[in-house]
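Since the structure comes first, as structure tokens, the remarks are kept for the end.
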Amino acid sequence: MFCRFAHVAFSTPGFGGLEERKTRLLFLRSAVAMSRTKAMIGAAVLASPLAFIAPAGSPQAAPRAALPGTGTETRNTKSGVAGPSAALVATAGLAAAGRRCSRQQRRADDAYGASHTSFYTDAVAKDKYDTLEEVLADKLKDEKLKGMVNELLDACVKITEALRVNLVTVNDASNAFGDRQLTVDVIADNLLWDLAKSSKYVYEASSEEEPEIVQTNSDGQYVLCWDPLDGSSIVDNNWAVGTIVGVWDKSTGLIGATGRDQVMSLVALYGPRTTVFITLDDGVYEFTLGDGNKWICSRDKIQIKPECKIFAPANMRAAQEVDGYNNLINHYMTNKFTLRYTGGLVPDVCQQFTKGQGVFTNPTSKASPAKLRLAFEAAPFGRLVEMSGGKTSDGVSGNSVLDMKITAVDQRTALAIGSAQEVQRFNEMVRHALASQSKDEGTQESTVGWAADRCWPVGGEDAVARLGARVPFFGRVLVPSAEVAARKLSEGSLWCPEDACLTYVDKSPDEASVAVLYREGCREKVLKHLSASSEEELKGSGELPPDPKAFSKGSKALPRSWLLARELLAMMLGAGAGTFDARSRAAMIEMFGHFGIPEQVIAGWESEIGGALFEALEASSILEAQKAARDSWRKSKVAMAAAGGGLVLAITGGLAAPIVAPALATGAAAVGAQAAAVGAAVGRAHSSSII
Numbered sequence: 020m021f022c023r024f025a026h027v028a029f030s031t032p033g034f035g036g037l038e039e040r041k042t043r044l045l046f047l048r049s050a051v052a053m054s055r056t057k058a059m060i061g062a063a064v065l066a067s068p069l070a071f072i073a074p075a076g077s078p079q080a081a082p083r084a085a086l087p088g089t090g091t092e093t094r095n096t097k098s099g100v101a102g103p104s105a106a107l108v109a110t111a112g113l114a115a116a117g118r119r120c121s122r123q124q125r126r127a128d129d130a131y132g133a134s135h136t137s138f139y140t141d142a143v144a145k146d147k148y149d150t151l152e153e154v155l156a157d158k159l160k161d162e163k164l165k166g167m168v169n170e171l172l173d174a175c176v177k178i179t180e181a182l183r184v185n186l187v188t189v190n191d192a193s194n195a196f197g198d199r200q201l202t203v204d205v206i207a208d209n210l211l212w213d214l215a216k217s218s219k220y221v222y223e224a225s226s227e228e229e230p231e232i233v234q235t236n237s238d239g240q241y242v243l244c245w246d247p248l249d250g251s252s253i254v255d256n257n258w259a260v261g262t263i264v265g266v267w268d269k270s271t272g273l274i275g276a277t278g279r280d281q282v283m284s285l286v287a288l289y290g291p292r293t294t295v296f297i298t299l300d301d302g303v304y305e306f307t308l309g310d311g312n313k314w315i316c317s318r319d320k321i322q323i324k325p326e327c328k329i330f331a332p333a334n335m336r337a338a339q340e341v342d343g344y345n346n347l348i349n350h351y352m353t354n355k356f357t358l359r360y361t362g363g364l365v366p367d368v369c370q371q372f373t374k375g376q377g378v379f380t381n382p383t384s385k386a387s388p389a390k391l392r393l394a395f396e397a398a399p400f401g402r403l404v405e406m407s408g409g410k411t412s413d414g415v416s417g418n419s420v421l422d423m424k425i426t427a428v429d430q431r432t433a434l435a436i437g438s439a440q441e442v443q444r445f446n447e448m449v450r451h452a453l454a455s456q457s458k459d460e461g462t463q464e465s466t467v468g469w470a471a472d473r474c475w476p477v478g479g480e481d482a483v484a485r486l487g488a489r490v491p492f493f494g495r496v497l498v499p500s501a502e503v504a505a506r507k508l509s510e511g512s513l514w515c516p517e518d519a520c521l522t523y524v525d526k527s528p529d530e531a532s533v534a535v536l537y538r539e540g541c542r543e544k545v546l547k548h549l550s551a552s553s554e555e556e557l558k559g560s561g562e563l564p565p566d567p568k569a570f571s572k573g574s575k576a577l578p579r580s581w582l583l584a585r586e587l588l589a590m591m592l593g594a595g596a597g598t599f600d601a602r603s604r605a606a607m608i609e610m611f612g613h614f615g616i617p618e619q620v621i622a623g624w625e626s627e628i629g630g631a632l633f634e635a636l637e638a639s640s641i642l643e644a645q646k647a648a649r650d651s652w653r654k655s656k657v658a659m660a661a662a663g664g665g666l667v668l669a670i671t672g673g674l675a676a677p678i679v680a681p682a683l684a685t686g687a688a689a690v691g692a693q694a695a696a697v698g699a700a701v702g703r704a705h706s707s708s709i710i
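Add 19 to a position in the sequence shown, counting from 1, and you land on the number used in my numbering.
Written out as structure tokens, the structure is:
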């Protein structure tokens, strides 16, 4: 703009002599000096014609007033009275206007510091700050909860001191997920475990580093769930990190509860200062650690505005797959939002409490699934933000993250959290995009993100009791472990029909055992085979096996390649007993895809095979009880034949109980040599348990 104007001013014919050119140069310099705003640029351009209407020395030039002290007083020339150039008058006026605009802009900037996009604090120091004890006495009525808060804040003081003096180095041990731990991680976790085990208020506790629920005091009142040091990947940079704690009453416990069942949540932020945000009876309060390790209330009844201009976009890789997330980030940039993102959940969300606005987004995608843990991170922060007037989304259904039922300690979730308008925008742009893409890929939109409240990990000595109490029936999904299942369901990346639910083996995190899931009605059969000791118990249940022929109805109408694939699946499931894991299944699906066989069809075959297995299982069990029963034996042969000529025994590692494996081997022996080989494979899984 200025280059073009300069070219016109100095090259257009008739624009005057040297004096006028100097004047124009002065004008341009003034305009450039005021180029901070487009308004001043426009003003300079609009004023420029006035400066050249009557050049000095022209007959039309009229006397002009002098500008005292500027060296431009009126003087006589041969061609008449020529005052100071109009350009100088315009320049002076514009310069004055520019100074006024600059002062106004500086006043506006002063509200936020150096820039109006920096959002500097406008907090004014108080004469007196309330102490922690004063605030708790007035704002927290439950005496036990007061004691719990005081103990947690004492632990935060110890973690603060540990972070100040310990180097960030790798510890020799690993956590439950095989991740190498840092020394400061271990120190923080140990301090919180010391609290939990010594406190008279803590009934049960669980740490992100060891995601198991541990009873610490049978007389305690609360269930604690914590992330000891969130931000391990950035703590070596000396960036801000934090501790996240959710507190549930033992009447609800953790598993089966929701974030709304929390009685209190707390987040500590370790930065240049240590601050803690706590939910009390009437809102969210911030406490700052002061001299002598005393806590003062630095903010009370924190509110998050519904609109914001600060965004913290996590999991940016998902934008490569989810068009809605890519569009949302473009919206933030186009509308000049301020980026404030460190990669640490605690500082990235806690800024909403100090700035009174902001949004944090962490969606999910197939290649970049969400990693935030519901119980350890999302639920505690959800309570804090929603009590401050903010909004949350589970990133899949669009519902509040506080409404998600906790079905596994390590359950994962997507998350959008912060100012209400921007969380709603996330739901409209990102969640809908996820649902639409899932629908295009054959996933029903109504089932996206389903089942966070329907899957239940079972295994170990109390498997039967937990299964009977929590799981209404079996569905048809294969997953390697409880944690994976809960995460995939909460992410919406695992397809389930509306009438199905999950079961899976979880003997140990290292075993990628895959459970074969069965159709509705098989649950009782599993329980019976675990507990029945006589034929009378089996008969007394009134359960009759379904027609095994139903499992292969319509199979003759399948293409020959599909029939071959089905038999191959039967062989893989039967002969691969104890070794058919998640990777095996992934390879199988990839291979069958070349035949044009949809994954849903494969899953249906798995369900059929599983049902036929339990038909054979029941018949064999009756046979063993009676020692000789021809009709039961015929039933066994029919069931096993329907499953694929005796080869298909859908047993995987974790599905053959000690009392089941011998029965299967006995039944298989009468069907043929191939089935006997399968029985031997089943026997190798004798140490596993049924779920």
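Glycine included, C-beta positions come from ideal geometry on N, C-alpha and C.
Inset, instruction - Have a look at Val-154 and Val-449 and give me their C-alpha separation to the nearest angstrom. - result: Here residue 154 is taken as the residue at index 135 of the sequence shown, counted from 1. Here residue 449 is taken as the residue at index 430 of the sequence shown, counted from 1. Whole-angstrom Cα-Cα distance: 40 Å.
Inset, instruction - Taking only runs that begin and end inside the stretch 321 to 352, name each unbroken beta strand (DSSP E) of 3 or more residues, in chain order. - result: If you keep only unbroken beta strand (DSSP E) runs of at least 3 residues inside the stretch 321 to 352, you get 329 to 332.
Legend entry - Proximal residues to Ile-206 (C-beta, below 6 Å), its chain only, five neighbours per side dropped: Position 187 of the sequence shown, counted from the first residue, corresponds to residue 206. Cβ within range, chain order: Ala-181.
Inset, instruction - To the nearest angstrom, report how far apart Met-283 and Thr-298 are at their CA atoms. - result: By one-based count along the sequence shown, residue 283 stands at place 264. By one-based count along the sequence shown, residue 298 stands at place 279. When rounded, the separation of the alpha-carbon atoms in Met-283 and Thr-298 is 6 Å.
Inset, instruction - Identify the continuous beta strand (DSSP E) that holds Leu-434 and give its terminal residues. - result: As a first step, residue 434 must be located in the sequence shown, where it is residue number 415. Segment 434 to 437, the beta strand (DSSP E) holding Leu-434.
Legend entry - Among Arg-392, Pro-291, Leu-347, Glu-227, the one whose alpha carbon lies nearest that of Glu-447: Looking up residue 447 in the sequence shown gives position 428. Nearest option by C-alpha distance: Leu-347.
Inset, instruction - Would you mind sorting Asp-429 into buried or exposed? The rule is 16 or more other CB atoms within 10 Å of its CB. - result: Taking the sequence shown and counting its residues from 1, one reaches residue 429 at position 410. Buried is the call here.
Legend entry - Chain-order list of residues whose beta-carbon lies under 8 Å from that of Asn-185 (same chain, five-residue window excluded): For the purposes of this step, residue 185 is taken as the residue at position 166 of the sequence shown. In chain order, Thr-202, Val-203, Ile-206 place their CB closer than 8 Å to the CB of Asn-185, counting only its own chain and leaving out the 5 sequence neighbours on each side.
Inset, instruction - State the DSSP-derived secondary structure class of Asn-190, mapped to helix, strand or coil. - result: Counted from its first residue, the sequence shown places residue 190 at position 171. In the structure shown, Asn-190 sits in a strand (DSSP, three-state: E or B).
Legend entry - Same chain only: Cβ atoms within 7 Å of His-350, ignoring 5 sequence neighbours per side: Residue numbering aside, residue 350 sits at position 331 when the sequence shown is read from its first letter. No residues qualify anywhere along the chain.
Inset, instruction - Give the DSSP bridge partners of Gly-261, in chain order. - result: For the purposes of this step, residue 261 is taken as residue 242 along the sequence shown, with counting starting at 1. The partner list for Gly-261 (beta bridge, DSSP) reads Asp-249, Leu-288.
Inset, instruction - Consult DSSP for Lys-313 and reduce its assignment to one of helix, strand or coil. - result: In the sequence shown, the residue the question calls residue 313 occupies position 294. Lys-313: coil per DSSP, three-state reduction.
Legend entry - Where Asn-446 falls: helix, strand or coil (DSSP): Looking up residue 446 in the sequence shown gives position 427. Three-state result, Asn-446: helix.
Inset, instruction - Determine, using beta-carbon pairs with one atom in the stretch 209 to 216 and one in the stretch 234 to 250, whether at least three such pairs fall under 8 Å. - result: yes
Inset, instruction - Report the three-state DSSP secondary structure of Thr-271 (helix, strand or coil). - result: Locating residue 271 in the sequence shown gives position 252, where the first residue counts as 1. Reduced to three states, the DSSP call for Thr-271 is coil.
Inset, instruction - Leaving aside the five residues before and after Pro-366 along the sequence, list all residues of the same chain whose C-beta is less than 6 Å from its C-beta, in chain order. - result: Taking the first residue of the sequence shown as position 1, residue 366 is located at position 347. Counting only Cβ-Cβ distances below 6 Å, and skipping sequence neighbours, we find Ala-259.
Inset, instruction - Starting from the C-beta of Val-168, find all residues in its chain whose C-beta is less than 6 Å away, skip the five residues before and the five after it, and write them out in chain order. - result: Here the question's residue 168 lines up with position 149 in the sequence shown. There are no such residues.
Inset, instruction - Check whether the Cβ atoms of Thr-277 and Met-423 sit closer than 8 Å, and answer yes or no. - result: As a first step, residue 277 is located in the sequence shown; it is residue number 258 there, counting from the start. As a first step, residue 423 is located in the sequence shown; it is residue number 404 there, counting from the start. Contact flag set, yes.
Legend entry - 8 Å Cβ shell around Leu-171 - same chain, five flanking residues per side excluded: For the purposes of this step, residue 171 is identified with residue 152 of the sequence shown, where counting begins at 1. Result list for Leu-171: Leu-214, Val-264, Leu-285, in chain order.
Inset, instruction - Report yes if the CB atom of Phe-400 is closer than 8 Å to the CB atom of Ile-436, and no otherwise. - result: Within the sequence shown, the letter at position 381 stands for residue 400. Within the sequence shown, the letter at position 417 stands for residue 436. In contact: Phe-400 and Ile-436 (Cβ atoms closer than 8 Å).
Legend entry - Gly-511 in three-state terms, based on DSSP: As a position in the sequence shown, residue 511 is number 492, starting the count at 1. Per-residue confidence for Gly-511 stands at a pLDDT of 45, beneath the threshold of 50, marking its modelled position as unreliable; the derived number appears in the next sentence. DSSP places Gly-511 in the coil class of the three-state scheme, outside both helix and strand.
Legend entry - With 16 other Cβ atoms within 10 Å as the buried cut-off, status of Met-607: The residue given as residue 607 occupies position 588 in the sequence shown. Note on Met-607: 16 or more other CB atoms within 10 angstroms of its CB, so buried under the neighbour-count rule.
Inset, instruction - Let me know if Pro-617 comes out buried or exposed under the rule of 16 or more other beta-carbons within 10 Å of its beta-carbon. - result: Looking up residue 617 in the sequence shown gives position 598. Of the residues assessed, Pro-617 falls on the exposed side of the cut-off, its CB having fewer than 16 other CB atoms within 10 angstroms.
Inset, instruction - Using 7 Å as the cut-off, classify the Cβ of Pro-382 as near or not near the heavy atoms of the ligand ADP, replying yes or no. - result: This structure simply doesn't include the ligand ADP, nor any ligand for that matter.
Inset, instruction - Look up Thr-426 in the DSSP assignment and say whether it is helix, strand or coil. - result: Numbered from 1 along the sequence shown, position 407 holds the residue referred to as residue 426. The answer is coil: DSSP assigns Thr-426 none of H, G, I, E or B.
Legend entry - Euclidean distance between Cα positions of Ile-441 and Ala-584: For the purposes of this step, residue 441 is taken as the residue at position 422 of the sequence shown. For the purposes of this step, residue 584 is taken as the residue at position 565 of the sequence shown. Reading off the sequence shown, one finds Glu at residue 441, where the question assumed Ile. If you take the alpha carbons of Glu-441 and Ala-584, they lie about 49 Å apart.
Inset, instruction - Find the nearest neighbour of Phe-395 within the set Gly-377, Arg-431, Gly-375, Cys-369, judged by alpha-carbon distance. - result: Reading the sequence shown from its first residue, position 376 is the one you call residue 395. Looking at the Cα atoms, Arg-431 is the closest of the given residues.
Legend entry - Close Cβ partners of Thr-357 (< 7 Å) along its chain, the five nearest in sequence each way excluded: Taking the first residue of the sequence shown as position 1, residue 357 is located at position 338. By the criterion of a C-beta distance shorter than 7 Å, Thr-357 is surrounded in its chain by Thr-136, Phe-138, Lys-328, Ile-329, once the five residues flanking it on both sides are discounted.
Legend entry - Under the three-state DSSP convention, the category Ser-500 falls into: Walking along the sequence shown from the start, residue 500 turns up at place 481. Because Ser-500 carries a pLDDT of 46, less than 50, the predicted location of this residue cannot be relied on, and no value is offered for it.
Inset, instruction - Could you name the residues that DSSP lists as bridge partners for Met-167? - result: As a first step, residue 167 must be located in the sequence shown, where it is residue number 148. Paired residue(s): none; Met-167 is not in a bridge.
Legend entry - 8 Å Cβ cutoff met for Phe-372 and Ser-412: In the sequence shown, counting from the first residue as 1, residue 372 sits at position 353. In the sequence shown, counting from the first residue as 1, residue 412 sits at position 393. Not in contact: Phe-372 and Ser-412 (Cβ atoms no closer than 8 Å).
Inset, instruction - Report the three-state DSSP secondary structure of Gly-224 (helix, strand or coil). - result: Indexing the sequence shown from 1 puts residue 224 at position 205. At residue 224 the sequence reads Ala, which differs from the Gly that was named. If DSSP states are grouped into helix, strand and coil, Ala-224 belongs with the strands.
Legend entry - DSSP-derived helix/strand/coil call for Phe-372: For the purposes of this step, residue 372 is identified with residue 353 of the sequence shown, where counting begins at 1. Note: Phe-372 maps to helix in three-state DSSP.
Inset, instruction - Measure from the alpha carbon of Leu-393 to the alpha carbon of each residue in Asp-255, Ala-433, Gly-363, then state which is nearest. - result: By 1-based counting over the sequence shown, the position of residue 393 is 374. Leu-393 has its Cα closest to that of Ala-433, out of Asp-255, Ala-433, Gly-363.
Inset, instruction - Whole angstroms is fine: what's the gap from Tyr-220's alpha carbon to Tyr-241's? - result: In the sequence shown, counting from the first residue as 1, residue 220 sits at position 201. In the sequence shown, counting from the first residue as 1, residue 241 sits at position 222. About 6 Å.
Legend entry - Cβ neighbour criterion (16 or more within 10 Å) applied to Val-189: The residue you call residue 189 lines up with position 170 of the sequence shown. Exposed, because fewer than 16 other Cβ atoms sit within 10 Å of the Cβ of Val-189.
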